[in-house]
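Numbering (the UniProt record's numbering), first residue to last: 1 to 519.
Structure follows, in structure tokens:
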């Protein structure tokens with residue numbers, strides 16, 4: 001798809017400076033700019049994209065969106081090119097004409113024969129480098145706006161409208177990424193499907209994902225995260241989902257929402273911005289199901305869950321380990337019929353994730369056999385209940401991507417299906433706000449009741465977990481100390497779950513136990 005720069009200027013309420021050019025793709029990173037792209041100069045807390053417009057131009061950007069404050073500059077051309085001063089002469093002044101180093105070479109620093117002299121070019125380049133980056137106006141066509149972040153989102157919204165796609169939006173405290181992968185796998189069986197890459201699920205990542213849409217795509221699967229109220233409303237209004245999934249609500253990022261109720265309300269923003277003819281896919285097992293259903297209004301609601309009242313549910317759930325790999329089998333029960341699905345993933349929670357994905361795809365009139373094929377192709381996401389084998393032969397469950405209370409319970413349920421003595425290596429959970437000590441104490445009770453016989457923990461609030469767990473638990477001041485004791489104590493007959501918040505970087509513990517980890 002293409003858009004003219006003048007069309008983009010109109011949709012982002014900006015001022016176009018320079019010629020009108022066609023744009024087919026967008027980047028915010030000068031290190032990844034491709035020739036012909038539009039560069040959007042995002043301003044953050046510690047950086048200003050305006051400072052890198054020249055680099056974007058050198059990398060091949062044909063246009064830019066910049067924020068107010070970028071200043072037109074140039075050096076008065078009436079200077080003597082033979083001068084070799086390292087500072088700007090008094091006769092040189094900044095004026096409102098934008099020129100490039102190339103222009104200096106061509107027009108200002110020529111010898112009697114009309115050729116640019118090497119010394120003059122070097123002087124100009126040195127002087128240009130001495131100009132503050134924030135004073136450099138682009139010499140490529142550009143649009144000036146008040147807020148480049150907002151402009152990026154508004155452009156993405158228009159881009160999405162131009163694309164002939166059905167959009168599935170996904171949010172929730174747990175399972176977003178897995179459900180996203182499942183929905184994408186199902187829809188990709190017979191159609192080009194765009195989906196969120198990595199953790200691009202915030203106010204920058206969602207617009208960037210939408211801007212990757214092209215004429216070949218028939219579906220887009222967009223993951224939406226948030227750490228404060230209003231963020232999902234912001235991103236979902238531009239994604240304009242046809243189907244919106246809320247996986248569940250838990251204590252993830254509770255610090256930014258104040259309470260679980262605050263989290264539930266924030267997740268509900270995806271429904272409030274859903275098209276009136278859209279479909280809300282809601283978790284019947286979740287305590288906030290009735291609340292979300294109420295705010296859906298006249299929009300169609302389809303429920304999923306283990307609860308028998310759900311529209312899409314599962315029977316006969318069974319998880320086992322075959323050749324050091326997880327397999328979970330269940331009967332998928334829908335209004336269209338029933339069939340057996342065998343996931344390459346572990347745990348009851350992943351069955352619920354599969355139900356969410358299946359329900360969304362049923363809302364898009366997807367065939368049951370296609371749903372089965374897609375679900376059975378999904379592999380474990382790195383760092384999310386991924387089964388590995390230690391150098392000693394232990395089963396090591398890598399669940400280090402992130403953590404909250406609900407995902408801890410899911411991990412413990414998976415650990416319960418493993419042979420051997422159950423060990424848990426725990427990194428303190430983050431973003432829990434003032435309730436963090438209490439939540440960590442509750443975790444100690446949960447872990448103790450799950451059959452874990454050994455708990456090794458690191459991170460300040462994890463000390464509360466160790467205290468409640470009691471005998472068999474050890475708290476460590478450093479991760480290195482934990483790793484050393486782990487190496488000394490393991491015999492090879494243990495099953496080990498390793499889990500912690502992203503900040504704890506518990507993958508380092510996995511790497512110490514598993515050969516060629518993530519290589």
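We put the CB at the ideal spot given by N, CA and C, even for glycine.
#1: Could you pull out every unbroken beta strand (DSSP E) segment of at least 3 residues lying fully inside the segment 292 to 341, listed in chain order?
#2: Grouping DSSP H, G and I as helix and E and B as strand, with all else coil, what is residue 182?
#3: Pairing CB atoms from the segment 349 to 358 with CB atoms from the segment 316 to 333, are three or more of them under 8 angstroms?
#4: For residue 436, which residues of its own chain have a beta-carbon under 7 angstroms away from its beta-carbon, when the five flanking residues on both sides are left out?
#5: How would you write the range of the beta strand (DSSP E) that residue 471 sits in, first residue to last?
#6: Is residue 369 helix, strand or coil by DSSP?
#7: Compare the C-alpha of residue 329 against each of 228, 340, 468 and name the closest.
#8: Just the Cα atoms here: how many angstroms apart are residue 250 and residue 430?
#9: Indicate whether residue 241 and residue 275 have their beta-carbon atoms separated by less than 9 angstroms.
#10: Note the first and the last residue of the continuous beta strand (DSSP E) segment covering residue 45.
#11: Along the beta strand (DSSP E) that carries residue 288, what are the first and last residues, could you check?
#12: Classify residue 257 as helix, strand or coil using the three-state DSSP reduction.
#13: Roughly how many angstroms lie between the CA atoms of residue 55 and residue 49, to the nearest whole one?
#14: State yes or no: is the beta carbon of residue 452 nearer than 9 angstroms to at least one beta carbon in chain B?
#15: Out of 270, 58, 256, which one is the CA nearest neighbour of residue 168?
#16: For residue 401, does the three-state DSSP call read helix, strand or coil?
#17: From the DSSP output, read off the bridge partner residues of residue 17.
#18: Looking at the strands, I want to know which residues DSSP matches up with residue 166.
#19: Helix, strand or coil: which one does DSSP assign to residue 37?
#20: When DSSP labels each residue in this structure, what does residue 462 get in the three-state scheme?
#21: When burial is assigned at 16 or more other CB atoms within 10 Å of the CB, is residue 380 buried or exposed?
#22: Please report how far the alpha carbon of residue 157 lies from the alpha carbon of residue 273, in whole angstroms.
#23: Taking buried to mean at least 16 other C-beta atoms within 10 Å of its own C-beta, is residue 28 buried or exposed?
#24: Residue 100 to residue 18, Cα distance in whole Å?
#25: Inspect the beta-carbon positions of residue 439 and residue 415 and report whether they are closer than 9 angstroms.
#26: Roughly how many angstroms lie between the CA atoms of residue 312 and residue 293, to the nearest whole one?
#27: Tell me the rounded alpha-carbon separation between residue 356 and residue 305.
#28: Over what stretch of residues does the beta strand (DSSP E) that includes residue 67 continue unbroken?
#29: Would you tell me roughly how many angstroms separate the C-alpha atoms of residue 454 and residue 495, rounded to the nearest one?
Quick answer:
#1: 300 to 304, 313 to 322, 325 to 334
#2: Within the chain shown, the letter at position 182 stands for residue 182. Helix.
#3: yes
#4: Against the chain shown, residue 436 aligns to sequence position 436. Hits under 7 angstroms: 461.
#5: Within the chain shown, numbered from 1, the residue matching residue 471 stands at position 471. Run containing residue 471: none; DSSP gives neither H nor E here.
#6: Taking the first residue of the chain shown as 1, we reach residue 369 at position 369. The answer is helix: DSSP assigns residue 369 an H, G or I state.
#7: If you number the chain shown from 1, residue 329 lands on position 329. Per the Cα distances, 340.
#8: Translated into the one-based positions of the chain shown, residue 250 becomes position 250. Translated into the one-based positions of the chain shown, residue 430 becomes position 430. C-alpha separation (whole angstroms): 13 angstroms.
#9: Taking the first residue of the chain shown as position 1, residue 241 is located at position 241. Taking the first residue of the chain shown as position 1, residue 275 is located at position 275. Yes; because the gap between Cβ atoms is below 9 angstroms, this pair is in contact.
#10: By one-based count along the chain shown, residue 45 stands at place 45. That residue, residue 45, is in no beta strand (DSSP E); it is neither H nor E in DSSP.
#11: To locate residue 288, count along the chain shown from 1; it is residue 288. Per DSSP, residue 288 belongs to no beta strand (DSSP E) and is neither H nor E.
#12: Position 257 of the chain shown, counted from the first residue, corresponds to residue 257. Looking at residue 257 - three-state DSSP - the assignment turns out to be coil, as it is neither helix nor strand.
#13: Numbered from its first residue, the chain shown carries residue 55 at position 55. Numbered from its first residue, the chain shown carries residue 49 at position 49. The straight-line gap from Cα to Cα measures roughly 10 angstroms.
#14: This model lacks chain B altogether, as it is built from one protein chain only.
#15: By 1-based counting over the chain shown, the position of residue 168 is 168. Closest option to residue 168, Cα to Cα, is 270.
#16: As a first step, residue 401 is located in the chain shown; it is residue number 401 there, counting from the start. Correct three-state label for residue 401: coil.
#17: Translated into the one-based positions of the chain shown, residue 17 becomes position 17. According to DSSP, which records beta bridges pairwise, residue 17 is partnered with 142.
#18: What you label residue 166 is simply residue 166 of the chain shown in a count that begins at 1. In DSSP, residue 166 forms a bridge with 219.
#19: The residue labelled residue 37 in the question sits at position 37 within the chain shown. Coil at residue 37, not helix or strand.
#20: Locating residue 462 in the chain shown gives position 462, where the first residue counts as 1. In the structure shown, residue 462 sits in a helix (DSSP, three-state: H, G or I).
#21: Along the chain shown, one-based indexing puts residue 380 at 380. Buried.
#22: Translated into positions along the chain shown, residue 157 becomes position 157. Translated into positions along the chain shown, residue 273 becomes position 273. Cα-Cα distance, rounded: 13 angstroms.
#23: The residue given as residue 28 occupies position 28 in the chain shown. So residue 28 ends up on the buried side.
#24: For this step, residue 100 is matched to residue 100 along the chain shown. For this step, residue 18 is matched to residue 18 along the chain shown. At residue 100, the pLDDT of 37 sits below 50, so the modelled position is not reliable and the matter cannot be decided from this model.
#25: The residue you call residue 439 lines up with position 439 of the chain shown. The residue you call residue 415 lines up with position 415 of the chain shown. No.
#26: Translated into positions along the chain shown, residue 312 becomes position 312. Translated into positions along the chain shown, residue 293 becomes position 293. Taking the straight line joining both Cα atoms gives about 16 angstroms.
#27: Your numbering for residue 356 matches position 356 in the chain shown. Your numbering for residue 305 matches position 305 in the chain shown. Cα-Cα distance, rounded: 8 angstroms.
#28: The residue given as residue 67 occupies position 67 in the chain shown. First-last of the beta strand (DSSP E) with residue 67: 63 to 67.
#29: Here the question's residue 454 lines up with position 454 in the chain shown. Here the question's residue 495 lines up with position 495 in the chain shown. Their Cα atoms are separated by approximately 10 angstroms.
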